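Engineer: Here's a structure for you.
Now the structure itself:
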């Protein structure tokens with residue numbers, strides 16, 4: 043069962059603009075959410091996370107928003123840079139259980 | 005601090021064979037998880053080991069097995085390989101009790 047869903051397989055934005063990547067989840071037990079970035083031929087790299095007690099977490103150009111009532115989280119990248127082009131995975135977990143990942147969104151930032 | 009390492013990086017096998025993949029976690033991390041990544045499927049959880057014991061298991065057939073050694077290094081074994089087992093196999097480690105996992109570069113398995 044797909045408990046974490048990323049419905050957009052790809053996203054293309056212009057350099058300098060905002061990138062918004064979305065993620066939905068179905069399991070209300072999830073209490074910790076993460077975003078990973080993956081370049082080809084490399085493993086996923088941890089980007090940013092958020093606990094369910096917060097609704098926003100910011101780290102430089104990256105901000106993650108969590109809407110618990112809608113079971114939705116999003117990753118905002120501002121401003122987007124060509125080096126941000128990669129596949130982004132959202133993930134969710136709770137209480138030492140296994141981490142569930144979305145299918146990923148391929149972001150392309152055009153110069 | 006060295007990251008998660010996986011060996012080999014690339015592997016080609018034929019149907020019916022078996023394969024063993026290895027993962028060395030970040031020093032101090034005692035939890036190791038394995039994932040299978042195929043195009044369009046994201047990362048599918050295989051299993052997680054902590055203190056040499058399997059703690060969590062995903063929905064994969066019994067052909068997929070793993071183990072963890074006392075030094076926290078882990079191996080994953082796939083027996084009777086099928087064409088559909090062709091994938092990138094990723095290993096991740098973490099401190100038990102924390103949520104952030106750190107991934108290795110993966111092993112690309114191709115089954116012919």
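Protein chains in written order, with our numbering: chain X, 43 to 153; chain V, 5 to 116.
The beta-carbon is built from N, C-alpha and C at its ideal position, and this holds for glycine as well.
All of these numbers come straight from a predicted model, not from anything done at the bench.
Need the endpoints of the beta strand (DSSP E) that residue 77 of chain X sits in, please.
Structural biologist: As a position in the first chain, residue 77 of chain X is number 35, starting the count at 1. Here the beta strand (DSSP E) through residue 77 of chain X covers 74-80.
Engineer: Which residues of the segment 95-107 of chain X have a Cβ closer than 7 Å to any Cβ of chain V? Give them in chain order.
Structural biologist: Against chain V - using a Cβ distance shorter than 7 Å - the segment 95-107 of chain X contributes no residues.
Engineer: Report yes if the C-beta distance between residue 73 of chain V and residue 82 of chain V is below 8 Å; otherwise report no.
Structural biologist: In the second chain, residue 73 of chain V corresponds to position 69, counting from 1. In the second chain, residue 82 of chain V corresponds to position 78, counting from 1. No. Outside cutoff.
Engineer: In whole angstroms, what is the alpha-carbon distance linking residue 56 of chain X and residue 137 of chain X?
Structural biologist: Position 14 of the first chain, counted from the first residue, corresponds to residue 56 of chain X. Position 95 of the first chain, counted from the first residue, corresponds to residue 137 of chain X. Going from the Cα of residue 56 of chain X to the Cα of residue 137 of chain X covers about 39 Å.
Engineer: Is it true that the CB of residue 112 of chain V sits closer than 8 Å to the CB of residue 13 of chain V?
Structural biologist: Numbered from its first residue, the second chain carries residue 13 of chain V at position 9. Numbered from its first residue, the second chain carries residue 112 of chain V at position 108. Taking 8 Å as the Cβ cut-off, residue 13 of chain V and residue 112 of chain V qualify as a contacting pair.
Engineer: By Cβ distance, which residues of its chain are closer than 7 Å to residue 63 of chain X, with the 5 residues on each side in sequence left out?
Structural biologist: As a first step, residue 63 of chain X is located in the first chain; it is residue number 21 there, counting from the start. The residues are 53, 116, 117, 130, 147 and 149.
Engineer: So residue 38 of chain V packs on residue 70 of chain V, CB below 8 Å; how close in whole Å?
Structural biologist: Numbered from 1 along the second chain, position 34 holds the residue referred to as residue 38 of chain V. Numbered from 1 along the second chain, position 66 holds the residue referred to as residue 70 of chain V. About 6 Å; that satisfies the 8 Å criterion.
Engineer: Rounding to the nearest angstrom, what Cα-Cα distance links residue 96 of chain V and residue 59 of chain X in this structure?
Structural biologist: Looking up residue 96 of chain V in the second chain gives position 92. Looking up residue 59 of chain X in the first chain gives position 17. Answer to the nearest angstrom: the Cα atoms are 32 Å apart.
Engineer: Within 10 angstroms of the Cβ of residue 123 of chain X, are there 16 or more other Cβ atoms? Answer buried if so, exposed if not.
Structural biologist: Here residue 123 of chain X is taken as the residue at index 81 of the first chain, counted from 1. Exposed, since its Cβ has fewer than 16 Cβ neighbours within 10 Å.
Engineer: What first and last residue would you give for the beta strand (DSSP E) that runs through residue 127 of chain X?
Structural biologist: Position 85 of the first chain, counted from the first residue, corresponds to residue 127 of chain X. Residue 127 of chain X -> no beta strand (DSSP E), and no H or E assigned at all.
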